[in-house]
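Peer 1:
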Amino acid sequence: MLELRLVQGSLLKKVLEAIKDLVNDANFDCSATGFSLQAMDSSHVALVALLLRSEGFEHYRCDRNLSMGMNLGNMAKMLKCAGNDDIITLKADDGSDTVTFMFESPTQDKISDFEMKLMDIDSEHLGIPEAEYHAIVRMPSSEFGRICKDLSSIGDTVVISVTKEGVKFSTRGDIGTANIVCRQNNTVDKPEEATIIEMTEPVSLTFALRYMNSFTKATPLSSIVTLSLSSDLPVVVEYKIAEMGYIRFYLAPKIEE
Amino acid sequence: PCLQRNILDYFNGE
């Protein structure tokens, strides 16, 4: 028996909007720790890892570990039917091939049930080693989203270079080139507007902008994004989900042939 | 020309 009650149902709606275009089908894993997902895009270039900790739910019952295969497009369709202020409850019986989403309006005057078919998904769970990153950039998520969108109108790839002075996003295309430098700035009034760079050595990596732009669909989940870069690892683009966990996107770099 | 690496080049199956 599984029963997860999330008072801030809009979080789950936002999570699905953030990942549904990157991953078609995925297993949601439910354990005492929380509600989680790990899935790769169909080209195996990007990986998304989601964790919503059990403590973040108003009610969290998960009698035994359960893996539920879902089509994320269909799940997003169902969650779109929940109001932004609705409480969302997920329910599944042991051995059932369906999951039920229950939506309650804040005043309890409207209660909806949506039952969705589960699917068998053969997916490999990858071990993501703990890593020391050469550079960690923390910046406003809206700023990062704007940069990725702007650069993708010029080129297909972005070179992210981190030095002590700042983080530079560069692209080139048929019409020309673009460079955007964000300097470290931790003296702003609001912490969510700061750009903070922790660096042990300079790093410069190239990534496909198509994927970066897809990751920025998680912007509504957090005002801050963290980019973790090492010369020999996929970049980690992390959006923390307040009080609950995180959504992390891993993207393999492009390298000179 | 840049070659797109694969995430499986970095993370292994458990």
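Protein sequence lines correspond, in order, to chains X and V.
Taking our numbering as reference, the numbering of the first sequence is continuous, increasing by one, and the terminal residue is 1097.
Taking our numbering as reference, the numbering of the second sequence is continuous, increasing by one, and the terminal residue is 788.
All C-beta atoms, glycine included, are put in the ideal place defined by N, C-alpha and C.
Small disclaimer: the values here were computed from a predicted structure and weren't measured.
Of all the options X/S963, X/G849, X/S1044, X/V885, which has the alpha carbon lying nearest to the alpha carbon of V/Q778?
Peer 2: Among X/S963, X/G849, X/S1044, X/V885, the Cα nearest to that of V/Q778 belongs to X/V885.
Peer 1: Which full runs of the alpha helix (DSSP H) of 4+ residues lie inside the stretch 938-1002 of chain X, going along the chain?
Peer 2: Runs of the alpha helix (DSSP H) inside the stretch 938-1002 of chain X: 981-992.
Peer 1: Just to confirm, is the Cβ distance from X/F941 to X/M959 under 9 Å?
Peer 2: It is not a contact, given that the beta carbons lie outside the stated cut-off.
Peer 1: Quick one, are the C-beta atoms of X/F943 and X/D962 less than 9 Å apart?
Peer 2: Going by C-beta atoms, X/F943 is not nearer than 9 Å to X/D962.
Peer 1: Could you check where the beta strand (DSSP E) with X/G909 kicks off and where it finishes?
Peer 2: Segment 906-911, the beta strand (DSSP E) holding X/G909.
Peer 1: Return no unless some Cβ of chain V is closer than 9 Å to the Cβ of X/H974.
Peer 2: Cβ-Cβ to chain V under 9 Å: no for X/H974.
Peer 1: Are X/L1073 and X/A971 touching if we call contact CB-CB under 9 Å?
Peer 2: Against a cut-off of 9 Å, the Cβ pair of X/A971 and X/L1073 comes out as a contact.
Peer 1: State the start and end residues of the unbroken alpha helix (DSSP H) segment that holds X/R1050.
Peer 2: Taken as a continuous stretch (DSSP letters only), the alpha helix (DSSP H) holding X/R1050 covers 1049-1055.
Peer 1: Decide if X/A932 is buried, meaning its Cβ has at least 16 other Cβ atoms within 10 Å, or exposed.
Peer 2: By the neighbour-count rule (16 or more Cβ atoms within 10 Å), X/A932 is buried.
Peer 1: Determine, using beta carbons only, whether X/A858 comes closer than 9 Å to chain V.
Peer 2: False, the Cβ-Cβ gap to chain V never drops below 9 Å.
Peer 1: Do X/T1066 and X/R978 come within 9 Å of each other at the CB atom, strictly closer than that value?
Peer 2: The answer is yes: Cβ separation under 9 Å.
Peer 1: How big is the Cα-Cα spacing for X/S1068 and X/I987?
Peer 2: Going from the Cα of X/S1068 to the Cα of X/I987 covers about 17 Å.
Peer 1: Please report the distance separating the alpha-carbon of X/S1001 from that of X/F984.
Peer 2: So the alpha carbons of these two residues sit roughly 14 Å apart.
Peer 1: Sort X/F897, X/A866, X/S1063 by Cα distance to X/S981 and report the nearest one.
Peer 2: Measuring from the Cα of X/S981, the nearest candidate turns out to be X/S1063.
Peer 1: Could you check which residue in X/A1034, X/L1061, X/L844 has the C-alpha nearest to that of X/C902?
Peer 2: Among X/A1034, X/L1061, X/L844, the Cα nearest to that of X/C902 belongs to X/L844.
Peer 1: Can you tell me whether DSSP reads X/G849 as helix, strand or coil?
Peer 2: Residue state, collapsed to three classes: coil.
Peer 1: What residues are listed by DSSP as bridge partners for X/I1186?
Peer 2: This structure cannot speak to residue 1186 of chain X, because chain X is shown only from 841 to 1097.
Peer 1: Answer yes or no: the CB of X/M910 versus the heavy atoms of the ligand PLP, is any distance below 8 Å?
Peer 2: Questions concerning the ligand PLP fall outside what the structure shown contains, since it holds no ligand whatsoever.
Peer 1: Once DSSP output is grouped into helix, strand and coil, what is the label at X/N914?
Peer 2: Three-state result, X/N914: helix.
Peer 1: Count the other CB atoms within 10 Å of the CB of X/P1093; is the residue buried (16 or more) or exposed (fewer)?
Peer 2: Classification for X/P1093: buried.
Peer 1: Under the rule that 16 or more other beta-carbon atoms within 10 Å means buried, what is X/S1070, buried or exposed?
Peer 2: Buried is the call here.
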